[in-house]
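In the numbering used here, the protein residues as written are 1 to 95. Have a look at the structure below before the remarks.
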């Protein structure tokens, strides 16, 4: 692969990844619009379980058996100049 081809390929992947980021952002917004129907607190969930005939003792025992592990993951961030971001947004809106 020539250097020119490699640069073209790198640009293609860059655009692809930026458009994927835009698509994920739109998906996240759509999902958040539907959050109203979901329970938002532990109290809501506990009350729903109690209404479904889960005894308070069973609920307590189950919660006490839960194991929580902290997982740290890298979250790469990329800072693009505003002009490039506006171009990508324009592309995503027009399609």
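Yeah, the Cβ is synthetic: ideal placement off N, Cα and C, and Gly gets one too.
- In the structure shown, residue 66 adopts coil according to DSSP, grouped into three states.
- Separation of residue 50 and residue 14 (C-alpha to C-alpha, rounded to the nearest whole angstrom) is 50 Å.
- Going by C-alpha positions, residue 30 is about 29 Å away from residue 68.
- With fewer than 16 other Cβ atoms inside 10 Å of its own Cβ, residue 34 counts as exposed.
- Bounds of the alpha helix (DSSP H) holding residue 47 are 42–51.
- Here the alpha carbon of residue 26 sits roughly 40 Å from the alpha carbon of residue 58.
- In its chain, beyond the 5 residues on either side, no residue has a beta carbon closer than 7 Å to the beta carbon of residue 54.
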